[in-house]
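Asker: So in the working numbering, the last one in the sequence shown is 936, and the numbering has no gaps at all.
Glycine included, each C-beta is placed from N, C-alpha and C at the ideal position.
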Amino acid sequence: MNTYQEYIQEIEERKLQGLHPKPIDGAELLSEIITQIKDENNAYREDSLKFFIYNTIPGTTSAAIVKAKFLKQIILGESLVNEISPAFAFELLSHMKGGPSIEVLLDLVLGHNQDIAEQAAAVLKTQVYLYDADTDRLKEAFKNGNAIVKDILESYAKAEFFTKLPEVAEEIKVVTFIAGEGDISTDLLSPGNQAHSRSDRELHGKCMITPEAQDEIKALQAQHPDKSVMLIAEKGTMGVGSSRMSGVNNVALWTGKQASPYVPFVNFAPIVGGTNGISPIFLTTVDVTGGIGLDLKNWVKKLDGNGEPIRNESGDPILEEAYSVATGTVLTINTKKKKLYKGDQEVMDIAKAFTPQKMEFIKAGGSYAIVFGKKLQTWAAKMLEIDTPLVYAPSKEISVEGQGLTAVEKIFNRNAVGITQGKVLHAGSDVRVEVNIVGSQDTTGLMTAQELESMAATVISPIVDGAYQSGCHTASVWDKKAQANIPKLMKFMNEFGLITARDPKGVYLSMTDVIHKVLNDITIDEWAIIIGGDSHTRMSKGVAFGADSGTVALALATGEASMPIPESVKVTFKGTMEEYMDFRDVVHATQAQMLHQFGGENVFQGRIIEVHLGTLTADQAFTFTDWTAEMKAKASICISEDDTLIESLEIAKSRIQIMIDKGMDNDKQVLQGLINKADKRIAEIKSGEKPALTPDSNAKYYAEVVVDLDQIAEPMIADPDVNNKDVSKRYTHDTIRPLSFYEGTKKVDLGFIGSCMVHKGDMKILAQMLKNVEAQNGKVEFKAPLVVAPPTYNIVDELKAEGDWEVLQKYSGFEFDDNAPKGAARTSYENMLYLERPGCNLCMGNQEKAEKGDTVMATSTRLFQGRVVEDADGKKGESLLSSTPVVVLSTILGRTPTIEEYKTAVEGINLTKFAPSHKLLVN
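Laid out in structure tokens, this is it:
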């Protein structure tokens with residue numbers, strides 16, 4: 014059977030799932046299709062033409078290379094296809110975005126046929142995805158006096174690829190669809206357990222929300238063919254939890270517009286809203302697709318006669334509806350007035366959604382085109398030796414005389430490019446910054462690869478210090494889905510220039526370490542900017558932003574990212590931590606105390622948390638910075654003392670050296686380069702030349718939170734509150750309860766110790782507690798399963814060297830074996846200890862899950878509905894989040910412990926301690 018026949022067979026199989034033919038990305042298949050097109054009598058010719066024209070992926074795929082070359086033959090008259098005229102061939106090239114299509118257009122521009130060269134130039138003027146190899150050819154031709162090329166450069170300098178696009182419609186009619194009440198997790202839009210299908214956009218689209226919801230959306234579209242459907246989080250925030258490009262892709266697939274008639278299932282311009290707005294990292298992804306995200310504020314706090322919020326018996330503010338957005342409500346977005354209307358009534362000012370920069374994203378169909386367009390315009394103006402004409406909205410530059418800088422303001426000012434020389438920028442300024450470290454994770458990596466192909470990128474930007482492709486999200490189960498996707502991903506990323514968790518050549522053993530831990534280790538400068546394909550990209554050195562797969566691709570390709578400098582909230586500590594408390598409890602208490610101090614307002618949301626930990630090394634401090642995703646912060650920065658930072662950098666160096674020793678460095682010796690940079694930074698700190706990063710004493714913060722350690726008298730648990738009568742209060746991460754709330758009676762069905770929230774100290778706590786239990790009871794008996802997944806192999810190796818792994822082995826009933834990885838996800842658990850392979854495991858929920866309806870006590874980060882545990886008939890699954898000692902004791906008892914039982918169990922155990930710094934951590 015040839016490749017085409019295999020494709021036809023696949024089409025028939027997809028029909029049974031209600032799917033169209035899968036878009037073509039392979040050269041072999043498209044070459045066969047072209048052969049059939051050339052044969053006028055071929056039985057498959059008609060279908061082959063459709064596949065060639067309408068079903069081939071553009072960019073730098075091998076299929077795109079073949080397609081571009083064939084279109085070139087048609088334009089030059091070397092091949093004759095009646096259905097594809099030279100003019101149509103040029104149109105098809107114009108929709109291929111970059112890479113081989115740009116190469117062909119340049120060949121034609123620089124060819125000897127004047128008429129063809131001018132037609133090619135007209136198309137080339139509309140393109141923005143040009144790289145050095147392309148602009149070098151134009152540069153040479155321009156210097157040689159090529160008039161057509163000069164005309165192209167003049168067009169680029171005027172940014173005609175942008176100015177000649179249609180203007181944004183003044184009025185956009187929408188019809189509402191309530192996707193859910195309360196915060197809407199991106200898991201609802203793109204479930205983690207369907208991560209394997211994310212790169213197959215049509216297939217993945219079928220998992221958005223529910224089939225019933227999809228039918229409702231289609232019914233609304235049928236009733237309102239002239240309107241766009243807007244997905245809404247009623248009484249909540251849209252898109253919490255992650256950036257998740259696949260979630261935005263799904264929303265666009267169901268409610269957006271097709272980007273090109275010749276590229277299937279790639280849509281743009283989704284419209285989403287939330288009573289409390291859009292999660293910051295999700296909003297960035299909406300911008301990538303030229304979409305609109307609205308902060309609706311359709312529910313407001315009910316006030317008494319004194320203007321104070323009226324509260325219910327639980328102490329929560331009572332909300333009243335300002336205006337209805339019930340499913341089927343017709344609203345009008347006026348992009349010129351920047352107002353939202355219901356009929357003739359203005360209901361909301363939505364100016365924040367239509368800043369000059371966001372209007373450009375909408376006009377261009379996404380932020381990538383703006384980023385590349387600006388670079389191309391600047392280059393062309395430089396070539397022509399003229400000032401760059403003012404086409405794009407000037408970046409907002411806010412500089413307050415006499416005002417100091419927060420830590421994030423300092424980092425952005427150091428890394429900024431293209432700003433007014435000598436100007437110091439403050440929060441709210443729009444900045445383009447160089448990126449130092451980039452991370453791609455394995456369930457979004459295939460989409461990142463697709464984005465890189467679509468923007469015609471072939472090699473990592475030399476600006477980037479280091480980049481890593483993880484294998485942690487697919488570490489638990491090496492099933493057919495993983496085997497089909499991951500090797501292909503690792504090969505692509507390895508060739509692109511990333512350090513990869515799995516070796517495409519098979520030289521070094523797979524390293525499935527949790528990506529955030531690796532990125533934390535390879536960040537060797539607290540002034541760094543890090544971009545990673547996961548919401549928990551929140552390093553305890555530098556400032557790190559979780560991003561969608563497209564923004565990750567942009568950072569890899571250009572070494573840059575664009576965003577406003579965020580406002581900061583300063584977090585400091587006072588008091589003394591109780592001996593029996595763990596630092597995880599301080600993290601949860603921070604959130605609870607902040608909400609209490611500000612009357613229920615989450616001042617962290619959308620801002621930088623500048624946390625003054627001072628004395629905690631990067632591994633331990635990461636427990637705090639990691640959790641800031643659950644606090645809905647945009648990012649976080651950890652302020653450290655000099656000695657603490659030096660210790661953290663030394664640890665990072667040792668971890669990077671282990672990676673080198675395993676054979677993971679590449680030809681450019683990226684990892685060795687990071688060690689060299691760490692040595693340089695340590696020398697700067699020790700000499701006093703450049704101490705550890707601190708904010709200025711006169712910096713301005715949106716708010717300041719002081720966490721009182723004396724108030725933390727017992728373990729603090731994040732509870733999904735699954736039975737709260739107010740649906741909007743469920744699954745929020747904002748319900749933080751003391752251990753005594755459960756009175757030692759809440760049944761626990763499974764415990765999980767793992768995820769990016771834990772470090773080596775947690776594994777040692779586990780070993781110490783098991784030894785204590787055996788000493789007290791004569792044996793260790795679990796009344797609920799305990800699943801343990803160390804975050805990294807380094808931790809496993811260190812535990813083995815120190816004797817703790819042997820303790821864990823003694824009490825375990827299962828231990829992972831790299832030589833025989835599991836081929837299927839576990840569906841049931843026995844009451845014993847499971848030692849799982851390093852990686853995400855239950856936290857991700859894409860491979861392993863708890864049994865349906867279980868009550869899980871976990872150290873992980875997520876408590877969203879269906880993530881770690883799904884609901885069973887008659888019982889909701891729930892994932893409560895706590896410290897390691899609480900999880901251990903809960904599985905031994907089969908229930909939550911009392912505070913007395915907890916205190917007895919942790920006696921003599923070295924918990925993760927924290928004492929506020931006695932040094933003034935400011936400039």
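Per DSSP, S273 is paired with what?
Answerer: Its beta-bridge partners are V276.
Asker: Is the region 357–370 in contact with the region 305–315, if contact means three or more CB pairs nearer than 8 Å?
Answerer: yes
Asker: Just confirm the distance between the C-beta atoms of M770 and T872, as a whole number of angstroms; I'd bet it's less than 8 Å.
Answerer: 5 Å
Asker: So, for M748: in the same chain, excluding its five sequence neighbours on each side, which residues have a beta-carbon less than 6 Å away from its beta-carbon?
Answerer: Going by the sequence as given, residue 748 is Thr instead of Met. Correct list, in chain order: D732, D734.
Asker: Could you check how far apart the C-beta atoms of L821 and L779 are, in whole angstroms? I think they sit under 8 Å.
Answerer: 7 Å
Asker: Should T817 go down as buried or exposed, given a rule of 16 or more other Cβ atoms within 10 Å for buried?
Answerer: Looking at the sequence provided, one finds Asp at residue 817 rather than Thr. Buried, by the Cβ-count rule.
Asker: Measure the CB-CB distance between N426 and L438 and report whether it falls below 8 Å.
Answerer: yes
Asker: CA-CA distance, S575 and L567?
Answerer: Linking S575 to L567 through their CA atoms gives a straight-line distance of about 10 Å.
Asker: I think L511 touches S453, with their Cβ atoms under 8 Å apart; what is that distance to the nearest whole Å?
Answerer: 7 Å
Asker: Find out if the Cβ-Cβ distance for the pair V472, F505 is shorter than 8 Å.
Answerer: no
Asker: Note down, in chain order, each residue of its chain lying with its Cβ closer than 6 Å to the Cβ of K916, except the 5 sequence neighbours on either side.
Answerer: Y593
Asker: Determine the DSSP secondary structure at G545, reduced to helix, strand or coil.
Answerer: In this structure, G545 counts as strand in the three-state DSSP scheme.
Asker: Could you tell me the boundaries of the alpha helix (DSSP H) in which W392 lies?
Answerer: 380–397
Asker: Count the other CB atoms, across all protein chains shown, that sit within 10 Å of the CB of V413; report buried if there are 16 or more and exposed otherwise.
Answerer: Its Cβ having fewer than 16 others within 10 Å, V413 is exposed.
Asker: Report yes if the CB atom of G555 is closer than 8 Å to the CB atom of P330, and no otherwise.
Answerer: no
Asker: Taking G72 and S467 to be in contact with their CB atoms under 8 Å, please state how far apart those CB atoms are, rounded to whole angstroms.
Answerer: Contact annotation, G72 with S467: C-beta distance approximately 4 Å; criterion of less than 8 Å satisfied.
Asker: So, do the region 911–929 and the region 592–611 have three or more beta carbon pairs nearer to each other than 8 Å?
Answerer: Touching, yes.
Asker: Do V786 and V793 have their C-beta atoms closer together than 8 Å?
Answerer: yes
Asker: Using the beta-carbon count (16 or more within 10 Å), is T641 buried or exposed?
Answerer: buried
Asker: Give a yes or no on contact between the region 250–267 and the region 281–295, applying the rule of three or more CB pairs nearer than 8 Å.
Answerer: yes
Asker: Decide yes or no for the touch test of the region 486–493 against the region 436–451: beta carbon pairs closer than 8 Å, at least 3 of them.
Answerer: Segments in contact, no.
Asker: Count the other C-beta atoms from every protein chain shown that fall within 10 angstroms of the C-beta of D196, then say buried if there are 16 or more, exposed otherwise.
Answerer: Flag for D196 reads buried.
Asker: Can you tell me whether DSSP reads F281 as helix, strand or coil?
Answerer: Reduced to three states, the DSSP call for F281 is strand.
Asker: Based on DSSP bridge pairs, tell me the residues matched to F951.
Answerer: Limits of the chain in this structure are 14 at one end and 936 at the other, which puts residue 951 out of reach.
Asker: Could you tell me how far apart the beta carbons of I88 and L121 are, in whole angstroms, since I believe they sit closer than 8 Å?
Answerer: I88 to L121, Cβ: 6 Å. Contact.
Asker: Of the residues A802, N736, K270, I621, which one's Cα is nearest the Cα of V718?
Answerer: I621
Asker: Just checking my contact of I346 with I291 at CB under 8 Å: how many whole Å lie between their CB atoms?
Answerer: So it is not a contact: roughly 15 Å between Cβ atoms.
Asker: What residue range does the beta strand (DSSP E) around E828 cover?
Answerer: 825–828
Asker: Is it buried or exposed for P402, if we count other Cβ within 10 angstroms and need 16 for buried?
Answerer: Exposed, since its Cβ has fewer than 16 Cβ neighbours within 10 Å.
Asker: Since C853 and V527 should fall inside the 8 Å C-beta cutoff, what is the C-beta to C-beta distance between them, to a whole number of angstroms?
Answerer: 6 Å
Asker: Span of the alpha helix (DSSP H) holding K352?
Answerer: Here K352 belongs to no alpha helix (DSSP H); instead the beta strand (DSSP E) covers 352–355.
Asker: Buried or exposed for G879, going by 16 or more other Cβ atoms inside 10 Å?
Answerer: buried
Asker: According to the neighbour-count rule (16 or more other Cβ atoms, all chains shown, within 10 Å of its Cβ), is I476 buried or exposed?
Answerer: exposed
Asker: Using a Cβ distance threshold of 8 Å, determine whether the region 176–185 contacts the region 332–349, with at least three qualifying pairs required.
Answerer: With the rule of 3 Cβ pairs closer than 8 Å, the region 176–185 counts as touching the region 332–349.
Asker: Would you call the region 331–342 in contact with the region 266–279, where contact means no fewer than 3 C-beta pairs closer than 8 Å?
Answerer: no
Asker: How about the region 655–664 and the region 619–636: do they share at least three Cβ pairs that are nearer than 8 Å?
Answerer: yes
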